[in-house]
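Colleague:
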Amino acid sequence: MLLDRSRLPVVFIRTEANAETPINDQIEALLEERRPFVLVTDHAPDDHDEDTQEERKERALFFKKIKDRMRAYCRGMIVIDGGRPMSPAIKIAAVTAGKAFGFAIVFATDEEEAERKGRSLLGSRDDAWLL
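For what it's worth, our numbering labels the leading residue of the sequence shown as 8, then goes sequentially.
1) Going by C-alpha to C-alpha distance, which of VAL17, GLU57, VAL102 sits closest to GLU118?
2) Just reading off the beta strand (DSSP E) that ALA111 is part of, what are its end residues?
3) Give the straight-line distance between the Cα atoms of MET31 and MET77, rounded to the nearest whole angstrom.
4) Using alpha carbons as the reference points, say which of GLY109, ARG42, MET8, PRO29 lies closest to LYS74.
5) Ignoring anything shorter than 4 residues or poking outside the stretch 29-92, list the alpha helix (DSSP H) runs there in chain order.
6) If you follow the beta strand (DSSP E) that LEU129 is in, where does it begin and where does it stop?
7) As a quick exercise: from MET8, GLU40, LEU46, pick the residue whose alpha carbon is nearest that of THR28.
8) I'd like to know whether the C-beta atoms of GLU120 and ARG14 end up nearer to each other than 8 angstroms.
See the structure below:
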């Protein structure tokens, strides 16, 4: 996975891209900047159903470690659903996860819509990133 920071403060999680740096380290580096951002991903909240219990445990421990910083700097997560209908259970899970993380999780059909929604979550001022 790769954190594509080319459109900061909107950051895309590229699941099909490989990076030399592990994704957790990339997220840590983003949080170290101490600036507001929005995450955009193309994988659904239930994409981890096949993960092992150990992988789930590691992910939970990592998110517990960064939870406070995520709440401070992440303004939301946008899931690109490609226009696919999402089951009510997935949407409820997203709302629940958003409450646990302390930020909104919303859906978009494509990258352009996701970026617009992300900038809206950040506020209408593009220079807010510079503060």
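All C-beta atoms in this analysis are idealised placements derived from N, C-alpha and C, irrespective of residue type, glycine included.
Modeller: Looking at the atomic coordinates:
1) Against the sequence shown, residue 118 aligns to sequence position 111. Considering only alpha carbons, the answer is VAL17.
2) As a working mapping, residue 111 is identified with position 104 in the sequence shown. Its beta strand (DSSP E) spans residues 111-115.
3) For the purposes of this step, residue 31 is identified with residue 24 of the sequence shown, where counting begins at 1. For the purposes of this step, residue 77 is identified with residue 70 of the sequence shown, where counting begins at 1. A small correction: the amino acid at residue 31 is Asn; Met does not occupy that position in the sequence shown. Cα to Cα, ASN31 sits roughly 13 angstroms from MET77.
4) Counting from 1 along the sequence shown, the entry for residue 74 is found at position 67. Scanning GLY109, ARG42, MET8, PRO29 for the CA closest to the CA of LYS74 turns up GLY109.
5) Secondary structure in the stretch 29-92: the alpha helix (DSSP H) runs of 4 residues or longer, each lying completely within the stretch, are 30-39, 60-80 in chain order.
6) Locating residue 129 in the sequence shown gives position 122, where the first residue counts as 1. Run containing LEU129: none in the beta strand (DSSP E); it sits in the alpha helix (DSSP H), 118-129.
7) As a first step, residue 28 must be located in the sequence shown, where it is residue number 21. Here the closest residue by C-alpha is MET8.
8) By 1-based counting over the sequence shown, the position of residue 120 is 113. By 1-based counting over the sequence shown, the position of residue 14 is 7. GLU120 is not a Cβ neighbour of ARG14, given a cutoff of 8 angstroms.
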